[in-house]
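Chemist: Let me begin by handing over the structure; questions about it come next.
Here you go:
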């Protein structure tokens, strides 16, 4: 499960980072979304709620595949007028899918963590979920005003975009935190296995630093 | 509870998009909308600007305008102002392509309509207002008067142009002709030596060598006057007792149209053309 959370975090990082050489994205988003999908499938075996986020990861992965073709222009902040409306709408739809994906993931993570007795992690997931929804909502509410309100709104959209980026970084660190946490099945397993990494302040850990692998 | 507030967020985003897209589409212009131009320009000027409103996302640039059989080519295009999807554009026209032969204009060229050609191959019939291109003055006659000082100013909705002349050779300024008095009815005042020129333009000013006199044109277009949306090049021609032009003065007034007015202006023009 820890590996799944780590995969989730790496997937999110790939989505966050856009490094392009000419047109080619060397960190394509579709790899990130499919890694997140794979992580959600693994996590869904332990906590069924994660599966509810899978359709959004699948949709985003498929949508990101189309980005390999020059169908959508990326946002050019110096002139909103040069941006085709189709690209803005595409950005909004994928933004909503991402909002639903990460909101559901963090909601289930909080629930899962609470069940596993990780109250701090659960609270952290809840607060970051709230901040993420607010930041994403503000960003997506701001974007369409660029069409009509003029260039001055571009600055507002840039600020909203930066805030959303920072909150997404916080979500990345939340995944890393979850990956470092000790997980166990509430009803003694269920076919999977639980990795417990020692020395990370969770109860039931061996004091000598060994990793205990409980297999059902 | 979570579903309610998440639903609320999604609804707000959807409303923001639907509202903005609806407004965006309501500002769609099927074709560029040209402002009204009232121009009287000398042939030697060889260049002037015309203004039109287009959608800012349009890739359609004006390339040339055909006026009374004469082709005017766009030198360059500049965005004057923009609000939302509407953009006011100024196109600088020149009469001939650089290097082509010069031909003197013999009589006044007048056009109110023309054909505009765009970069994407689109062309359209356009109503531009009234454009008159005057032949240059006869140099021999023009030599009788010399403009010694000319100044222009604008402020408080008033545009003013003053010119002082000195007389080189005996001349009678019999009439003063100011263009577009019908368009600028009640807004324009022409004075010679501080006295308003009568409506019929009769001046009757006998001048001897060494005399001097001054002319002034004042145009007042207050905020509520829709005529300030038009572009002007007004000509004041002083004629002798044989009807020959002995001096001419030009005044340029750019359209007072800004981003915030564009939507209202387009709506108004569409209503006029639809009626």
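Residue numbers (the working numbering), protein chains in the order written: chain X, 7 to 222; chain B, 191 to 465.
For every residue, glycine included, the Cβ atom is placed at its ideal position computed from N, Cα and C.
Since the model is a prediction, treat every value here as computed from it, not as a measurement.
(1) Using the C-alpha atoms, what's the distance from residue 271 of chain B back to residue 416 of chain B?
(2) In terms of residues, what are the limits of the alpha helix (DSSP H) holding residue 145 of chain X?
(3) Going by beta carbon distance, what residues of the same chain come within less than 8 Å of residue 145 of chain X, once the five residues before and after it are set aside?
(4) Tell me where the beta strand (DSSP E) around residue 424 of chain B begins and ends.
(5) Specify the secondary structure class of residue 197 of chain B as computed by DSSP and reduced to three states.
(6) For residue 302 of chain B, which beta-bridge partners are listed by DSSP?
(7) If I'm right that residue 301 of chain B touches residue 367 of chain B with Cβ under 8 Å, what's the distance once you round it to whole angstroms?
(8) Do the region 390 to 401 of chain B and the region 352 to 362 of chain B touch if we need at least three Cβ pairs shorter than 8 Å?
(9) Any heavy atom of the ligand PLP inside 7 Å of the beta-carbon of residue 110 of chain X?
(10) Would residue 113 of chain X count as contacting chain B if we go by Cβ distances under 8 Å?
(11) Mind listing the chain X neighbours of residue 203 of chain B? Cutoff is C-beta to C-beta under 8 Å, in chain order.
(12) Helix, strand or coil for residue 270 of chain B per DSSP?
(13) Suppose you measure from the CA of residue 361 of chain B to the CA of residue 435 of chain B; what does that come to, to the nearest Å?
(14) Could you name the residues of the same chain whose beta carbon sits closer than 6 Å to that of residue 350 of chain B, not counting the 5 residues immediately before and after it, in chain order?
(15) Can you name, in chain order, every residue of its own chain whose Cβ lies under 7 Å from the Cβ of residue 410 of chain B, other than the five neighbours on each side?
(16) In three-state DSSP terms, what is residue 227 of chain B?
(17) Please list, in chain order, all residues of the same chain as residue 251 of chain B whose beta carbon is under 7 Å from its beta carbon, the five residues on each side excluded.
(18) Quick one: which chain X residues come within Cβ less than 8 Å of residue 274 of chain B?
(19) Mind checking if residue 428 of chain B is an interface residue toward chain X, Cβ cutoff 8 Å exclusive?
(20) Over what stretch of residues does the beta strand (DSSP E) that includes residue 249 of chain B continue unbroken?
(21) Going by C-alpha distance, which of B:424, B:438 and B:423 is nearest residue 430 of chain B?
(22) Determine the chain X residues that contact residue 193 of chain B at a beta-carbon separation under 8 Å, and present them in chain order.
(23) Secondary structure at residue 455 of chain B, three-state DSSP: helix, strand or coil?
(24) What residues of chain B sit near residue 109 of chain X, judged by a beta carbon separation below 7 Å?
(25) Buried or exposed for residue 420 of chain B, going by 16 or more other Cβ atoms inside 10 Å?
(26) Nearest by alpha-carbon distance to residue 68 of chain X: which of X:179, X:133, X:137 and X:104 is it?
(27) I'd like to confirm the pairing. Which residues does DSSP put opposite residue 256 of chain B in its beta bridges?
(28) Taking a Cβ distance cut-off of 8 Å, strictly less, list which residues of the region 236 to 255 of chain B are near chain X, in chain order.
(29) Rounded to the nearest angstrom, what separates residue 385 of chain B and residue 454 of chain B at their Cα positions?
(30) Distance, Cα to Cα, residue 73 of chain X vs residue 93 of chain X?
(31) With respect to the alpha helix (DSSP H) encompassing residue 229 of chain X, which residues constitute its N-terminal and C-terminal limits?
(32) Give the residues of chain B in contact with residue 139 of chain X, contact being defined as C-beta atoms less than 9 Å apart.
(33) For residue 298 of chain B, which of B:269, B:413, B:281 and B:232 has the nearest alpha-carbon?
(34) How about residue 459 of chain B and residue 223 of chain B: do their beta carbons lie closer than 8 Å?
(35) Which whole-angstrom value is the C-beta distance of residue 180 of chain X and residue 122 of chain X, which I expect to be below 8 Å?
(36) What span of residues does the alpha helix (DSSP H) with residue 100 of chain X cover, start to end?
Modeler: On the basis of the supplied data:
(1) Residue 416 of chain B and residue 271 of chain B have their alpha carbons spaced roughly 18 Å apart.
(2) Element bounds for residue 145 of chain X: 125 to 148.
(3) Counting only Cβ-Cβ distances below 8 Å, and skipping sequence neighbours, we find 101, 163, 166, 167, 169 and 170.
(4) Note, residue 424 of chain B: beta strand (DSSP E), 421 to 429.
(5) Note: residue 197 of chain B maps to helix in three-state DSSP.
(6) For residue 302 of chain B, no pairing in a beta bridge is given by DSSP.
(7) Not confirmed; about 20 Å, so no contact.
(8) In this structure the region 390 to 401 of chain B lies against the region 352 to 362 of chain B, because at least three pairs of beta carbons, one per stretch, are closer than 8 Å.
(9) Absence of the ligand PLP from the depicted structure is noted, as is the absence of any ligand whatsoever, leaving it without description.
(10) Using a Cβ-Cβ cut-off of 8 Å, residue 113 of chain X counts as an interface residue toward chain B, since at least one Cβ of chain B sits closer than that to its own.
(11) Listed along the chain, the chain X residues whose CB falls inside 8 Å of the CB of residue 203 of chain B are 98, 102, 143, 146 and 147.
(12) Look at residue 270 of chain B here: in three-state DSSP terms it is strand.
(13) Residue 361 of chain B and residue 435 of chain B have their C-alpha atoms roughly 11 Å apart.
(14) A distance below 6 Å between beta-carbons, with the five flanking residues on each side excluded, links residue 350 of chain B to the following residues of its chain, in chain order: 343 and 408.
(15) Taking residue 410 of chain B as the centre and dropping the five residues before and after it, the same chain places the C-beta of 347, 348 and 377 closer than 7 Å to its C-beta, in chain order.
(16) Three-state DSSP puts residue 227 of chain B in a strand.
(17) Around residue 251 of chain B, the same chain offers 267, 308 and 309 as residues with beta carbons nearer than 7 Å, after the five sequence neighbours per side are excluded.
(18) Correct list: 153, 154, 155 and 156.
(19) So no, residue 428 of chain B is outside the interface.
(20) That residue, residue 249 of chain B, is in no beta strand (DSSP E); it is neither H nor E in DSSP.
(21) The shortest Cα separation from residue 430 of chain B among B:424, B:438 and B:423 belongs to B:438.
(22) Going along chain X, no residue has its Cβ under 8 Å from residue 193 of chain B, so there is no contact; the nearest lies around 10 Å.
(23) Note: residue 455 of chain B maps to helix in three-state DSSP.
(24) For residue 109 of chain X, the residues of chain B that pass the 7 Å Cβ criterion are 196, in the order they occur in the chain.
(25) Residue 420 of chain B comes out buried.
(26) Nearest option by C-alpha distance: X:104.
(27) Note: residue 256 of chain B sits in a beta bridge opposite B:261 and B:305.
(28) Listed in sequence order: 246 and 247.
(29) In a straight line, the C-alpha of residue 385 of chain B is about 39 Å away from that of residue 454 of chain B.
(30) Near 11 Å, if we compare the C-alpha coordinates of residue 93 of chain X and residue 73 of chain X.
(31) For residue 229 of chain X there is no data in the structure shown, the boundaries of chain X being 7 and 222.
(32) Listed along the chain, the chain B residues whose CB falls inside 9 Å of the CB of residue 139 of chain X are 195, 196 and 199.
(33) Here the closest residue by C-alpha is B:232.
(34) Going by beta carbons, residue 459 of chain B and residue 223 of chain B fall inside the 8 Å limit.
(35) Between residue 180 of chain X and residue 122 of chain X a beta carbon distance of about 15 Å is seen, past the 8 Å cut, so the two are scored as non-contacting.
(36) Element bounds for residue 100 of chain X: 91 to 121.
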